[in-house]
Amino acid sequence: MTVKPGDYPPPRYICQHLDFKEFADLFQLQGARDGYNTGLEPEVVSGSMCKQSMSRSGTDLVKVTVQCSAWRDADKAIDGFAGLAAFYGPPETVTGLGDQAFRYRAPKSPTIGLKVRAGNLGCEVEAEPTAPLTDAETDGSFNAMAQLLQALIPKLGPLKALP
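Going by the numbering used here, the first residue of the sequence shown is number 112, and it counts up by one from there.
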């Protein structure tokens, strides 16, 4: 089997790169960020995730999770990304982020999210509110997610070619 290596190394400790300021106009941060490295199959894919709780209008909470993983084989990242959209309900294509991107509204919960693939790197931001978001909060959250990933992805790579 031929492996087409990707340009991004497996991301580690992404909480170091995140402050969630993109959500400041929508929600208030609650507590500290929490994250860990992921990858039960590091020979295939591994990465890191970071979670931040936020409050909105009283006692309602929104849990925002960012997860990024690098596939060892870039072709598997491409193939895998194409199959994700169906799992998340009707996706809305997003342009200007990575090589492929879509945002979604979970069909049976108030969860919304944005998934991006840049080469062999896949990143997702998901907002899981305890109660449905307003239209303004949804639009603002999608914008905040895009801004967060636009800032984060360049910090994760790509690998530089050796001279």
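Just so you know, even glycine gets a beta-carbon here, dropped at the ideal spot from N, CA and C.
These numbers come from a predicted model, not from an experiment.
Distance cut-off 8 Å: residue i Cβ against heavy atoms of the ligand SAH
i    : result
V227 : Ligands displayed in this structure: none; no statement on the ligand SAH is therefore possible.
Nearest to residue i (by Cα), restricted to the options the options
i    : options                   : result
P122 : S164, G150, V205 and A217 : G150
G169 : D250, A255 and T241       : T241
L129 : E152, G117, I189 and M160 : M160
Q127 : Y147, S166 and P120       : Y147
L140 : V156, V155, I125 and T176 : T176
F134 : P269, A238, T245 and P265 : A238
Buried versus exposed, by CB contacts within 10 Å (16 or more), residue i
i    : result
A193 : exposed
S220 : exposed
K132 : exposed
Residue i - DSSP class collapsed to helix/strand/coil
i    : result
L273 : Because L273 carries a pLDDT of 46, less than 50, the predicted location of this residue cannot be relied on, and the following value inherits that uncertainty. Note: L273 maps to coil in three-state DSSP.
G251 : helix
P265 : helix
E133 : helix
K219 : coil
F213 : strand
A181 : strand
Under 9 Å between C-beta atoms of residue i and residue j
i    : j    : result
V205 : R214 : yes
C179 : L267 : yes
A185 : P120 : no
Anticipated Cβ contact below 8 Å, residue i with residue j, distance rounded
i    : j    : result
N231 : G142 : About 33 Å; that fails the 8 Å criterion.
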